[in-house]
Structure formats: C-alpha cells, structure tokens
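Each remark here refers to the structure printed beneath this line.
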Amino acid sequence: MSVLVLAEHDLGALSAATARIVAAAETLGPVDLLVAGQDVSAVAAEAAKLAGVEKVLVADSAALASLSPEAVAALLARLAEPYSHIVAAAAATGRDAIPRLAAKLDLMPVTDVVAIHGPTRFDRPIYAGNAIETVSSGQSKHLLTIRASAFRPAASGNDAPIHPVDADVTSVARFLAAHRTESDLPELSTAQVVVAGGVSFGSAEKFALVAELAKVLGAAVGATRAAVDAGYAPNDWQVGQTGKIIAPDLYIAIGISGALQHLAGIQGAKKIVAINKDPEAPLMKIADIALVGDLFEVVPQLIAGLGRE
Amino acid sequence: MKILVAVKRVVDHAVRVRVRPDGSGVETENVRMSMNPFDKHAVEAAVQLGEAGHASEIVVVSIGPKQSNDVILTALAMGAHRGILIEADGRIETLAVAKLLNAVVAEEQPDLVLLGKQAVDDDSNQVGQMLAGLLDWPQATFASEIKVAGDSLEVTREVDYGRATVGVSLPAIVTADLRLNTPRNAALPMVMKARSKPLAVRPAAEFGVDLTPRLKLEKVSPPAERVAGRKVADAAELVAAISSELTELEAL
Ligand SMILES: Cc1cc2nc3c(=O)[nH]c(=O)nc-3n(C[C@@H](O)[C@H](O)[C@H](O)COP(=O)(O)OP(=O)(O)OC[C@H]3O[C@@H](n4cnc5c(N)ncnc54)[C@H](O)[C@@H]3O)c2cc1C
Ligand SMILES: Cc1cc2nc3c(=O)[nH]c(=O)nc-3n(C[C@H](O)[C@H](O)[C@H](O)COP(=O)(O)OP(=O)(O)OC[C@H]3O[C@@H](n4cnc5c(N)ncnc54)[C@H](O)[C@@H]3O)c2cc1C
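Chains as they are written, first to last, in my numbering: chain A, 2 to 310; chain B, 406 to 657.
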C-alpha cells in the first residue's frame, strides 16, 4: 500500500491545501508527493518539509507550466503503476485531472472525499451536502480527490529526499491568459475566519464593506452566487455547491438567505454568525449567533467596534 | 460544426432531499425532477453557437429511465435538432456514462461535446473529464465563456484564482458552468414543435458497455444537523460576541 499525492501550488508557493491532503493520505499508506510544473524547485523544497512525506517527486517541464489536465493526467498515468492510491485535492487541478486519469486507467474514482474509513472505504457528500454516501471499492487502485477543508494539516519539520522524474509530456491545450483576482486577504479555502456577503449589498462599492470588515478581522472574503452573478464579487469568492467548500472556525454571513446550495459550502464551519433583517431566513435558523438588523447600519458599527478591540 | 450535448434528468435543484430511513439512498419517489441546471447552460451554449452560424446540427443525448424523455424534449424545445435516449434503469456510474457517451461519439462524430460541469444529484464532476480521457481529446471544464476561433475554441474557465482562458482545437470536450449564459425558457410553439423532432430510444445493452458498478454503495446518511443558537440584540453585543470567539481561537 503506497500513495501518490499530487501537490497543489500556485505562483511558486505550495498551497495550504497540500498539507491537509498529505495528512489525510498518510492514513492510507506511505506518501510520495508529486510536484509538477515549471521551475518548481522552491515548491519542491517546501513540499519536502511536510511531515509524513517519504519522498518528493519533481516533474519540471514547460509542458507542465499551466498544469493542463491533459499533461497532468498523462504524467500521473506514467507514474501510477506502483501505487495503490493516487490522491489530489478537490481543487482545480485535481478535479480536472483525476477523472481523466481514471477513464484512461479504466477505474471509477471517488471524488470530494470528506472522511476516510480505511484504505477502501470513503464518505462523500451528494445532493449539495444534504446526504453523505459511504462507498467502498474492490478495484485494484483507488483514485481520490479529497476536500482539504475536512482534514487537519500535516505538521512541518520533515526533510524528505527530492527526486526528479521524467516530465516529458505533451500539452494539447494552449494556455492563453490568467485573469487573477488580486487581493491581500487570506486564501478563502483554508482561512480560519471568513466574512461573506450576499446580493443584498446592492453594488460592488457597498460590497467593499465586506472586505473592510474582513481586513479588520484578518479574515478571507466569501460571497453568494447571487452576489457574484450581479458582479459585486469575483467568481473565486463564491462559496457553495458550485463554488468553494470551506470549513472556517468562524463564518460571518451578512445579508445571506442561506439557500441550500450556499449551505453546501459551509457545512464544515465551526461557528456561524448571521446578520439579516429577516429573522426567518434559513441561515438565521442554523446560526450559532444571530443578529436581526439592517446590514448597512450593523456592518459599519462592527468595523468601528472590532477595529478598536 | 456538429455538437453533441449530454443532459441528465435529476431531482429539481429546489427540492431539499430526504435520506431514506433505511440508509439505502435518498427519497426520489414523488419529487419534482428536471434537467440538471448545468446541462441547461450547455444546451443554451450549443443553441447560441447554432444561432451564430457555427453549428450545423445539435444532437442531445440522455442516459436514464424512460422518463428522461422529458429533459430531451426540453432541450429540443430550446433549439436542439435531434435526441437520443439511452434507456438504463438503476445505478449507472460515471465511468459507464462516459463509456456510453464515448460510443455515441463514435457513431455521431461530433466536433464538440458539451456537458454540464456537474450533476446536482451526485455532484460527481467527472463525466466530461472522463469522456475526454477515453477519447484523448482536449478538455475545457467549468466554462464561463466560449469563443470560436477558426477550428479551435477559446474557452474562459472558472478556476481557484479567478478565471483562465485556454485554446483547445476541435474536436474537444467543454463543460458548462453557471455563468456561461442565461438559458432560455422555450415558448409554447417551440415546445409543440419539439414533439415532432426525431428522438431515438435505444436500450443501453445495444452499446456493449459493461454497466456493472465498480463501487459498492454501503449507505447514505443525513448530514449532521445544525440547530439555532442565540440571538444578540444589537451591533455592540455582536462586537462583544465576535471578540470573544476570536480570543478563543487565538487561545487554541
Ligand atoms: C455509489 C453510487 C451509488 C449510486 N446510486 C444511485 C441510485 O441509487 N439511483 C440513481 O438513480 N443513481 C445512482 N447513482 C448515480 C449515478 O449512477 C450517476 O448518475 C452517475 O454516477 C453520474 O454522476 P453525476 O451525474 O453526478 O456525474 P457528473 O460527472 O457530475 O455529470 C457531469 C455531466 O455529465 C453529463 N451526464 C451525467 N450523467 C448523465 C446521464 N445519465 N445522461 C446524460 N448525460 C449525463 C451531464 O452533462 C452532466 O452535467 C449512484 C452513483 C454512485 C457512484
Ligand atoms: C445549480 C445551482 C447552483 C448554485 N450554487 C450556488 C453556490 O455555489 N453558492 C451560492 O451562494 N449560491 C448558489 N446558488 C444560488 C442559490 O440558490 C441562491 O440563489 C443564492 O445563494 C442566494 O444568494 P443571497 O443569499 O445573496 O440572495 P437572496 O437569497 O436574495 O438573499 C438575500 C438576503 O439578504 C437579506 N437582506 C436584504 N436586505 C438586507 C439588509 N439591508 N440587511 C440585512 N439583510 C438583508 C434578505 O432578508 C435575504 O435573506 C446555486 C443555484 C443553483 C440553481
């Protein structure tokens, strides 16, 4: 039993999700961590520090620069043979590459794993998290994507050996442009505190209040689909069934009704604070702390009050 | 180009499903069913490509029980030309769905296959990527914009850091995200017309694909319930409550 984990990284830094995936994967067997990309030696050095990693494999080539699913799946297919499990985060790269790889290897993958019960039994949410299915697999190999938010991160302090591997793959899709959301706030998917706003803010200018409060708290910003569709927030801030799945210790939802597709993204939140003028809003009924009030009055007071503390 | 669109009949997105007390699955008897929302965006994208003069024929395919007819008719009313229903009952895993679609691609020879990014029942987010793997075609998943550029497409995708634009040459697989377009509601005359469009019904067995599930479904359980906590009276009380939560977090 041994596990190949695909590291997530962006802009020369290992993503915080990777430490969580490594910790989850370690329960399945010894972990080799694959860092694929172009000029990724700094990422590989970071990866080698994660506790539980036996060795780091580095596939460094221009064809892997944009981590296209075609190139990543081809690379994983070549490395797959000795491993019982191939695991990635349920984030952009893994979601795209793991099912493609599975079809090539004629295997049925298990995606969005939120709990591991031994090497062949896994829980995954269905119906926007309104049900959890437990599946087991008798296949020769197990291909998984794991929700980082459902697991604790691995410790650091390791010094695993780094081995280069053959990175000669062809990338068929051409990468044309990245449109990045510039923000100095913490990364949403792994933030400890998240402040999120809904469409009721009414404009992008007013939605900036959410970011202002987040800054005071050192929190990340989230948004509902309605707020993103209206153009108040960028798409990568969307939380929910079709956006990011998060599990912060504290989630502060402002003017958010709590549609089931939104709740799908915050089921792992430890504490929920809700501010809404409607006490009957679904989110108000599951919040740990609820305040009935007008967000345009409440939020400036929170910014001032918490800024002082 | 010729476009194939895969559409799935699912429990309507507005229905809050209940897990069966015996843990065998969720209750799907007597609940409202409709086309997977993501697939509506895929159909709309195909129809818009047709209206812009890029698509000569749009074929929709659905795999499922007889009643999946409904979602094919919806797609035909939106503007697709022809439908294929592959009849299969019970549990068909994504790998088998992808293999059936692969067989349809071999027959139909489309230049583009459009799918939804995920189905809102099983939330697998797999079929498009799997079909691309089986065909060894390029894939552009989670699309929020599709532009035709000669014999390739420029697709803008929703990714973790924002958006990314990729160029894929045809034939290719594209999966639709919700911001791709606004699906039309077909007017009554289109709904009437849809009934006269060709719709082939074929048993899954005809395709020679092994449909035996690979995964064993052990049980389905409800998620942990959340219950209402306390109400605070005003912003000042909320400031105090949030501060004490943060102090607790720092202590950990
Ligand atoms: C362990 C397990 C148990 C299951 N139990 C049941 C059960 O009891 N009853 C039941 O009805 N189902 C059951 N299923 C559902 C299963 O058969 C799904 O239909 C299949 O796994 C596809 O998943 P998805 O729709 O979430 O795919 P996704 O990958 O999320 O779908 C993406 C896209 O693929 C296309 N697509 C997917 N399915 C079809 C289709 N059938 N026809 C045409 N296009 C399609 C659509 O364009 C869709 O937007 C089970 C699945 C598993 C893994
Ligand atoms: C297939 C599918 C996938 C989806 N995926 C997602 C997803 O990933 N994420 C997501 O969020 N949504 C998703 N949705 C959309 C979801 O169903 C809801 O429409 C959306 O979450 C609603 O956003 P909202 O809470 O901002 O808006 P609304 O539901 O309109 O709620 C606004 C709330 O603000 C309150 N309010 C108004 N004014 C004030 C004020 N002045 N002060 C205080 N409170 C006020 C109102 O009382 C109300 O509760 C999806 C939908 C579908 C069909």
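Each residue gets a CB set at the ideal place from its N, CA and C atoms; glycine is no exception.
* Asked: Less than 7 Å separating the beta-carbons of Ala48/A and Leu34/A?
  -> yes
* Going by Cα to Cα distance, which pick from Arg421/B, Ala646/B and Ala641/B is closest to Glu298/A? -> Ala641/B
* Asked: Are the region 517-529 of chain B and the region 78-87 of chain A touching by the rule of at least three beta carbon pairs closer than 8 Å?
  -> no
* Return the CA-CA distance between Glu213/A and Pro594/B, expressed in angstroms with no decimal places. => 51 Å
* Can the beta-carbon of Gly455/B be found less than 7 Å from the beta-carbon of Ile463/B? -> yes
* Could you tell me if Met483/B is buried or exposed, where buried requires 16 or more neighbouring beta carbons within 10 angstroms of its beta carbon? => buried
* Asked: Can a CB atom of chain A be found closer than 7 Å to the CB of Lys624/B?
  -> yes
* To do: Quick one: using the 10 Å Cβ neighbour count with 16 as the cut-off for buried, is Asp494/B buried or exposed?
  => exposed
* Chain-ordered neighbours of Ala291/A on chain B, where CB pairs are closer than 8 Å -> Ala633, Gly634, Arg635, Lys636 and Val637
* To do: Name the two residues that bound the continuous beta strand (DSSP E) containing Gln544/B.
  => Gln544 to Ala554
* To do: Report, in whole angstroms, the separation of the C-beta atoms of Ser62/A and Ala174/A, which I expect to be a contact under 8 Å.
  => The pair is not a contact, with the Cβ atoms about 15 Å apart (cut-off 8 Å).
* Is it the case that the Cβ atoms of Leu481/B and Lys602/B are separated by a distance below 7 Å? -> yes
* Please list the segments of the alpha helix (DSSP H) lying wholly inside the region 71-100 of chain A, counting only runs of 4 or more residues, in order along the chain. => none
* Which residues in the same chain as Ala18/A place their Cβ atom closer than 8 Å to its Cβ, once the five residues preceding and following it in sequence are excluded? -> Glu9, Ala90, Ala92, Ala149, Ser190 and Thr191
* Asked: Once you ignore the five residues that flank Asp526/B on each side, which residues in its own chain have a CB closer than 6 Å to its CB?
  -> Val415 and Val416
* Can you pull the DSSP bridge partners for Glu492/B? -> Gly469/B and Pro608/B
* By DSSP, does Asp475/B sit in helix, in strand, or in coil? -> helix
* The beta strand (DSSP E) spanning Lys56/A covers which residue range? -> Val54 to Asp61
* Residue from Ala503/B, Met438/B, Gln531/B and Thr652/B with nearest C-alpha to Glu474/B -> The amino acid at residue 474/B is misidentified as Glu; the sequence shows Asn. Measuring from the Cα of Asn474/B, the nearest candidate turns out to be Met438/B.
* What's the gap between the Cα of Leu284/A and the Cα of Gln239/A? -> 16 Å
* Reference Ala156/A, options Ile304/A, Val166/A, Ala116/A and Ala25/A, closest by Cα -> Ala25/A
* Hey, how far is the Cα of Asp124/A from the Cα of Lys598/B? -> 45 Å
* Where the beta strand (DSSP E) containing Gly198/A begins and where it ends -> Val194 to Gly198
* Asked: Should Ser172/A be labelled buried (16 or more other beta-carbon atoms within 10 Å of its own) or exposed?
  -> buried
* Along the chain, where does the beta strand (DSSP E) that runs through Lys636/B open and close? -> Arg635 to Val637
* Per-residue contacts from Gly572/B into chain A (C-beta, under 7 Å) -> Ala174, Arg175 and Leu177
* Asked: Looking at the structure shown, is Gly430/B part of a helix, part of a strand, or coil, going by DSSP?
  -> coil
* Determine whether the Cβ of Val606/B lies closer than 7 Å to any Cβ atom of chain A. => no
* Work out the CA separation of Pro576/B and Pro543/B for me, nearest whole Å. => 8 Å
* Proximity to Ser201/A [Cα-Cα], best of Arg181/A, Val57/A, Ile276/A and Asp167/A -> Ile276/A
* Asked: What in chain B is Cβ-close to Ile193/A, meaning under 7 Å?
  -> Contrary to the premise, residue 193/A reads as Gln rather than Ile in this sequence. Simply Leu654.
* **chain B contact residues for Pro154/A, given Cβ-Cβ distances below 8 Å** => Correct list: empty, because the minimum Cβ distance to chain B is about 14 Å.
* Asked: Under a three-way DSSP split, which group does Val525/B fall into?
  -> coil
* List the endpoints of the continuous alpha helix (DSSP H) containing Leu307/A. => Leu296 to Arg309
* In the region 430-460 of chain B, which residues sit with their C-beta less than 7 Å from some C-beta in chain A, listed in chain order? -> Val431
* To do: Tell me whether Ala43/A is buried or exposed, calling it buried when 16 or more other Cβ atoms sit within 10 Å of its Cβ.
  => exposed
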